[in-house]
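**Q** Residue 200 in full-length UniProt numbering is what sits at position 200 of the sequence shown, and the numbering runs on without skipping anything.
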Amino acid sequence: SQKIQKNKTITRLFNGIFSLTENMPGVADVRFAEREPADKRSLLSWEQRNTCILPEDLRDFYLTTDGFMLNWSVKLDNESVPLGSMTVNSVSRLSPLVQPVSLFSRPNAPSLSDLDWDDDTGGAVSPPHFDSRSRVFELDSCGGNGKVCLVYNNCSPGVVAQSSEVWFLDRSLCWHFLSSSFTSFYRLMITHLGLPEWEYNYTPYGPSPEARVRAMPPSPQDKSSVFDSIAALFAIVNQIQTYFTQLFQQVHQKYKNVCELWLEG
Numbered sequence: 001s002q003k004i005q006k007n008k009t010i011t012r013l014f015n016g017i018f019s020l021t022e023n024m025p026g027v028a029d030v031r032f033a034e035r036e037p038a039d040k041r042s043l044l045s046w047e048q049r050n051t052c053i054l055p056e057d058l059r060d061f062y063l064t065t066d067g068f069m070l071n072w073s074v075k076l077d078n079e080s081v082p083l084g085s086m087t088v089n090s091v092s093r094l095s096p097l098v099q100p101v102s103l104f105s106r107p108n109a110p111s112l113s114d115l116d117w118d119d120d121t122g123g124a125v126s127p128p129h130f131d132s133r134s135r136v137f138e139l140d141s142c143g144g145n146g147k148v149c150l151v152y153n154n155c156s157p158g159v160v161a162q163s164s165e166v167w168f169l170d171r172s173l174c175w176h177f178l179s180s181s182f183t184s185f186y187r188l189m190i191t192h193l194g195l196p197e198w199e200y201n202y203t204p205y206g207p208s209p210e211a212r213v214r215a216m217p218p219s220p221q222d223k224s225s226v227f228d229s230i231a232a233l234f235a236i237v238n239q240i241q242t243y244f245t246q247l248f249q250q251v252h253q254k255y256k257n258v259c260e261l262w263l264e265g
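1) Going by the DSSP bridge assignment, what does Y152 pair with across the sheet?
2) How would you label V166, buried or exposed, when you count the other beta carbons within 10 angstroms and need 16 or more for buried?
3) Taking 8 Å as the threshold, find out whether the region 50-63 comes into contact with the region 75-86 through three or more Cβ pairs.
4) State the Cα-Cα distance for the pair M86 and F168, rounded to the nearest angstrom.
5) Which residues bound the alpha helix (DSSP H) around L188?
6) Can you tell me where the alpha helix (DSSP H) holding R59 begins and where it ends?
7) Given a threshold of 16 other Cβ atoms within 10 Å of its Cβ, counted over all protein chains shown, does S156 qualify as buried or as exposed?
8) How about P96 and V151: do their beta carbons lie closer than 8 Å?
9) Taking DSSP's pairing of strands, which residues face C142 in a bridge?
10) How many Å lie between R49 and P204 at the Cα?
11) With distances taken between CB atoms, is the gap from D60 to P37 smaller than 8 Å?
12) Any idea what DSSP makes of R49, helix, strand or coil?
13) When DSSP labels each residue in this structure, what does L70 get in the three-state scheme?
14) Note down the Cα distance separating S73 from S163, rounded to an integer number of angstroms.
15) State the start and end residues of the unbroken beta strand (DSSP E) segment that holds W167.
16) Would a C-beta distance cut-off of 8 Å place D170 and G143 closer than the cut-off?
17) Given F182, which residues of its chain have a CB within under 6 Å of its CB, disregarding the five upstream and five downstream residues?
18) Might you give, ordered along the chain, the residues of its own chain that have their beta carbon closer than 6 Å to the beta carbon of S180, omitting 5 neighbours on each side?
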């Protein structure tokens, strides 16, 4: 079947990637969590439960693999040091950032909506809100350094939201625009190789000094080794990106053909 053939192709691809990394200078460990495609019913259930339509590219992604996780380490002083992490939550973990208010909550209990504002920033894009004007879902927890979120803005109660963007919520609860689509965010994540706090490159203040130090080993020998590793890892993630892009196109074409047949009938 197509599913078995696709799983065999994925296995061959990542077996080749792992064998390729064994002889790469500086790379200690590359771990990829292989996942089955999401069930179409789970996607429909998510949309009904959250009154939102998943963007087409994210839907195609989930129909290919239910989430994504790739972690990699480098060798420093003969030790394996975790450095990069790339994650996209599964459908079941694509949960609302702001949970509905419980009937048992205290009436005056503080909430994220207390941080909201009504002023128009006048920018090209409007930042998300913590109240009902926006529906926000967590794509990646960023190891506790913030949250990458799928955001639906200009929402109205009871109305299905269809247009979404990807934003980064930093540790001070300020919003920063990342991309207008999931595909663009995915490419950003791949380009930055999941280095510590890479999302902060899209804030006015950038990554923390600690994150900069972690990404830059102290000795010239280690530095050269890590640069070689990063260059090699670019080749790995480019293979992954190319393969997933091909799968997205196949899935999208399949459902386009089904829709056309349905309309003709």
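Think of the CB as a built atom: it goes at the ideal place given N, C-alpha and C, for glycine as much as any other residue. Please read all numbers here as calculations on a predicted model, not as lab measurements.
**A** With the structure as the only source:
1) What you label residue 152 is simply residue 152 of the sequence shown in a count that begins at 1. R135.
2) Along the sequence shown, read from residue 1 onward, the residue named residue 166 stands at position 166. The residue in question, V166, is buried, as its Cβ has 16 or more Cβ neighbours within 10 Å.
3) Put simply, the region 50-63 does not touch the region 75-86. Fewer than three CB pairs are less than 8 Å apart.
4) On the sequence shown, position 86 is the one that residue 86 refers to. On the sequence shown, position 168 is the one that residue 168 refers to. Answer to the nearest angstrom: the Cα atoms are 15 Å apart.
5) For the purposes of this step, residue 188 is taken as residue 188 along the sequence shown, with counting starting at 1. Where L188 is concerned, the enclosing alpha helix (DSSP H) stretches over 182-191.
6) Counted from its first residue, the sequence shown places residue 59 at position 59. From DSSP, the alpha helix (DSSP H) with R59 extends over 56-64.
7) On the sequence shown, residue 156 is found 156 positions in, with the first residue counted as 1. It is exposed - the Cβ of S156 has fewer than 16 other Cβ atoms within 10 Å.
8) Locating residue 96 in the sequence shown gives position 96, counting from the first residue. Locating residue 151 in the sequence shown gives position 151, counting from the first residue. A distance of 8 Å or more separates the beta carbons of P96 and V151.
9) Taking the first residue of the sequence shown as 1, we reach residue 142 at position 142. DSSP lists no partner for C142.
10) One-based indexing of the sequence shown puts residue 49 at position 49. One-based indexing of the sequence shown puts residue 204 at position 204. Going from the Cα of R49 to the Cα of P204 covers about 36 Å.
11) Along the sequence shown, read from residue 1 onward, the residue named residue 60 stands at position 60. Along the sequence shown, read from residue 1 onward, the residue named residue 37 stands at position 37. Contact flag unset, no.
12) Looking up residue 49 in the sequence shown gives position 49. Here R49 sits in helix by DSSP.
13) Translated into the one-based positions of the sequence shown, residue 70 becomes position 70. Strand at L70.
14) As a working mapping, residue 73 is identified with position 73 in the sequence shown. As a working mapping, residue 163 is identified with position 163 in the sequence shown. Cα to Cα, S73 sits roughly 37 Å from S163.
15) Position 167 of the sequence shown, counted from the first residue, corresponds to residue 167. First-last of the beta strand (DSSP E) with W167: 165-169.
16) As a working note, residue 170 is residue 170 in the sequence shown. As a working note, residue 143 is residue 143 in the sequence shown. One thing to note: D170 has its Cβ no nearer than 8 Å to the Cβ of G143.
17) For the purposes of this step, residue 182 is taken as the residue at position 182 of the sequence shown. For F182, where only same-chain residues beyond five positions count, the Cβ hits under 6 Å are P55, D57, L58.
18) Taking the sequence shown and counting its residues from 1, the one referred to as residue 180 is at position 180. Hits under 6 Å: E165.
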